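Enquirer: Chains as they are written, first to last, in the numbering used here: chain W, 437 to 681; chain U, 243 to 492.
Below you will find the structure I want to go over with you.
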């Protein structure tokens with residue numbers, strides 16, 4: 437028997453269910469009781485009871501697409517900060533189309549410290565650092581645009597139900613947006629203003645993540661933001677005209 | 243001068259069982275919790291237990307440095323208890339004293355049983371406890387704040403850790419010992435627990451108690467911990483309640 441309501445706020449040690457329940461994510465079981473291990477919202481699916489964490493750090497999972505930042509270049513690999521307790525390893529063979537001979541050329545030639553890379557987690561079992569790959573469509577070095585960092589627990593909200601929020605952002609601002617599973621978002625638009633507008637909207641989503649009617653408010657925010665940038669542009673044009681006169 | 247004299251002669255517990263600061267024997271000082279007050283930390287909490295004021299911050303699980311400290315089967319947990327130079331009446335040297343090093347260890351061992359450290363092998367978790375103002379029971383208040391900071395950081399735990407001290411003052415057992423009672427009393431016994439599991443993670447005693455007094459003290463501490471536990475949960479609820487409203491999540 438479940439002792440909590442779905443979506444109820446639970447704490448470490450809160451009893452979630454007794455009897456024939458399976459312990460899902462962020463829970464643990466003792467005898468036939470299931471308890472929460474973090475602060476979060478209870479979720480019941482069939483006989484699996486789990487908790488959606490409200491605060492958490494990113495843990496790599498095989499298949500996740502993440503945005504990593506190069507922090508170290510070693511002869512045939514790069515170490516990437518992926519906002520997890522473990523650094524990601526991107527081997528040269530997983531990034532370059534041809535083998536890299538460390539005697540002849542430096543890894544830094546291809547990727548330098550501070551650069552952003554969209555990569556997929558190839559393998560991870562906690563005994564070794566997660567290894568990454570860029571050998572798939574849409575993966576590779578971030579060449580343009582802005583990368584912002586968001587709270588990892590807000591990632592599902594930024595994407596929205598079946599990608600509703602992200603498609604709204606893309607449609608309204610005409611930008612390319614990629615949300616990494618580790619809480620980094622890559623925004624690539626025609627102008628810096630577009631990117632700043634999307635970044636502002638994402639900050640708003642992050643702050644108001646668990647409130648109702650957020651999609652509508654974000655829509656309003658974007659429309660308002662666009663009008664303001666247009667006004668500013670007009671003002672600038674007028675100023676230029678005045679100067680010319 | 244007159245005032246000082248009157249303070250010295252005042253008894254710690256009056257004849258009708260009222261303590262020096264006006265509390266009953268089994269009454270806690272006013273408690274205030276605040277969460278998430280440090281931007282840079284992964285989790286943070288602040289506690290006021292009467293005049294004791296403590297800030298706790300948690301960083302991690304994060305990459306371990308230096309690498310040779312890494313444990314292959316679990317997360318390395320480190321804690322630092324530190325008293326600010328201005329936390330006590332006479333300036334305390336900011337260098338870690340023998341007492342602070344010992345308390346760091348004791349606090350770490352009180353929190354460790356609650357943490358699922360095996361989920362994060364080869365990483366480390368840092369717990370910083372900074373005493374801003376000390377008026378007794380700083381280790382207990384530190385543990386209370388640190389356990390909230392851990393929860394705020396999203397560290398998986400068995401339960402919150404709650405802690406309180408019981409003392410013996412003028413022959414009577416009192417809950418939540420303040421500085422004056424600690425210094426002038428006969429005994430002081432800090433206890434930390436996982437209240438919903440009924441597990442004790444810290445039990446120290448300074449001074450002397452009879453066997454019966456010890457049993458009674460432990461019962462009193464359990465009651466105190468249960469009260470603290472309720473307040474910790476209320477603080478978490480207060481901080482995270484905005485989140486309960488809804489969702490259109492994927």
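For every residue, glycine included, the Cβ atom is placed at its ideal position computed from N, Cα and C.
All of these numbers come straight from a predicted model, not from anything done at the bench.
1) I'd like to know whether the C-beta of residue 447 of chain W is nearer than 8 Å to at least one C-beta of chain U.
2) Can you list, in chain order, the residues of the segment 402–415 of chain U whose Cβ is nearer than 7 Å to any Cβ on chain W?
3) With three or more C-beta pairs closer than 8 Å as the rule, is the segment 596–616 of chain W touching the segment 528–544 of chain W?
4) Any C-beta of chain W sitting closer than 8 Å to the C-beta of residue 362 of chain U?
5) Considering only the alpha carbon of each residue, which of U:297, U:317, U:266 and U:479 lies closest to residue 562 of chain W?
6) Could one say the Cβ of residue 618 of chain W lies closer than 8 Å to chain U's Cβ atoms, at least one of them?
7) What are the partner residues of residue 432 of chain U, as DSSP defines its beta bridges?
8) Taking a contact to mean a Cβ-Cβ separation below 8 Å, would you say residue 435 of chain U touches residue 442 of chain U in this structure?
9) Who pairs with residue 414 of chain U in a beta bridge, going by DSSP?
10) Can you tell me the Cα-Cα spacing of residue 428 of chain U and residue 474 of chain W, whole angstroms?
11) Just verifying my parser: in three-state terms, what is the DSSP assignment at residue 191 of chain U?
12) So, at 7 Å on beta carbons, what are the nonlocal neighbours of residue 495 of chain W in its own chain, with the 5 sequence-adjacent residues on each side left out?
13) Under a Cβ-count criterion, where at least 16 other Cβ atoms within 10 Å of its own Cβ denotes burial, should residue 275 of chain U be classed as buried or exposed?
14) From this set, U:405, U:444 and U:448, which residue's C-alpha is nearest residue 426 of chain U's C-alpha?
15) At which residue ranges does the segment 293–336 of chain U contain complete alpha helix (DSSP H) runs of 4 or more residues, listed in the order of the chain?
16) Which of the residues in the segment 385–401 of chain U, read from start to end, lie with their CB under 9 Å from any CB of chain W?
17) Show which residues of chain U have a CB atom less than 8 Å away from the CB atom of residue 434 of chain W.
18) Just the C-alpha distance for residue 314 of chain U and residue 359 of chain U, rounded to the nearest angstrom, thanks.
19) Using a Cβ-Cβ cutoff of 7 Å, what residues of the segment 456–480 of chain U are near chain W? List them in chain order.
20) Within its chain, find whatever has a CB closer than 8 Å to the CB of residue 617 of chain W; leave out the 5 residues flanking it on each side and keep chain order.
21) Between the Cα of residue 322 of chain U and those of U:388, U:412 and U:263, spot the shortest distance and give me the residue it belongs to.
22) Determine the direct distance from the alpha carbon of residue 407 of chain U to that of residue 382 of chain U, and round the result to whole angstroms.
23) As a quick exercise: from W:575, W:517 and W:631, pick the residue whose alpha carbon is nearest that of residue 619 of chain W.
24) Taking buried to mean at least 16 other C-beta atoms within 10 Å of its own C-beta, is residue 485 of chain U buried or exposed?
25) Could you give the distance in angstroms between the alpha-carbon of residue 302 of chain U and the alpha-carbon of residue 395 of chain U?
26) Could you check which residue in U:327, U:272, U:391 and U:252 has the C-alpha nearest to that of residue 491 of chain W?
27) Mapping the DSSP letters down to three states, classify residue 634 of chain W as helix, strand or coil.
28) Using the Cα positions of residue 479 of chain W and residue 626 of chain W, report the straight-line distance between them to the nearest angstrom.
Expert: Taking the definition as stated:
1) Chain U contact via Cβ: present.
2) Against chain W - using a Cβ distance shorter than 7 Å - the residues of the segment 402–415 of chain U are 402.
3) Contact fails: fewer than three Cβ-Cβ distances are below 8 Å.
4) At a cut-off of 8 Å between beta-carbon atoms, residue 362 of chain U makes contact with chain W.
5) The option with the nearest alpha carbon to residue 562 of chain W is U:317.
6) Residue 618 of chain W has a beta carbon lying at 8 Å or more from every beta carbon in chain U.
7) Paired residues: U:407.
8) It is a contact, given that the beta carbons lie within the stated cut-off.
9) Residue 414 of chain U has U:411 as its beta-bridge partners, per DSSP.
10) So the two alpha carbons sit approximately 40 Å from each other.
11) With chain U running from 243 to 492 in the structure shown, residue 191 of chain U is simply not present.
12) Here the set comprises 520.
13) Buried, by the Cβ-count rule.
14) Here the closest residue by C-alpha is U:448.
15) The alpha helix (DSSP H) runs lying completely inside the segment 293–336 of chain U and spanning 4 residues or more number zero.
16) Taking a C-beta cut-off of 9 Å against chain W, the contacting residues of the segment 385–401 of chain U are 389, 392, 393, 394, 395, 396, 397, 398, 399, 400 and 401, listed in chain order.
17) Absent from the model: residue 434 of chain W. The displayed extent of chain W is 437 to 681, so no value can be given.
18) Cα to Cα, the separation comes out at about 11 Å.
19) For the segment 456–480 of chain U, the set of residues with a beta-carbon nearer than 7 Å to any beta-carbon of chain W comprises 475, 478 and 479, in chain order.
20) Closer than 8 Å at Cβ, skipping near neighbours: 494, 497, 500, 501, 502 and 591.
21) It is U:388.
22) Taking the straight line from one Cα to the other gives about 7 Å.
23) The candidate whose alpha carbon is nearest that of residue 619 of chain W is W:517.
24) Reliability fails at residue 485 of chain U, whose pLDDT of 49 lies under 50, so the model's placement of it is uncertain and the value that follows must be treated cautiously. Buried: at least 16 other Cβ atoms inside 10 Å.
25) Straight-line Cα distance between these residues: approximately 8 Å.
26) Of the listed residues, the one whose Cα sits closest to residue 491 of chain W is U:391.
27) Helix, per DSSP.
28) As the crow flies, the alpha-carbon of residue 479 of chain W is around 41 Å from that of residue 626 of chain W.
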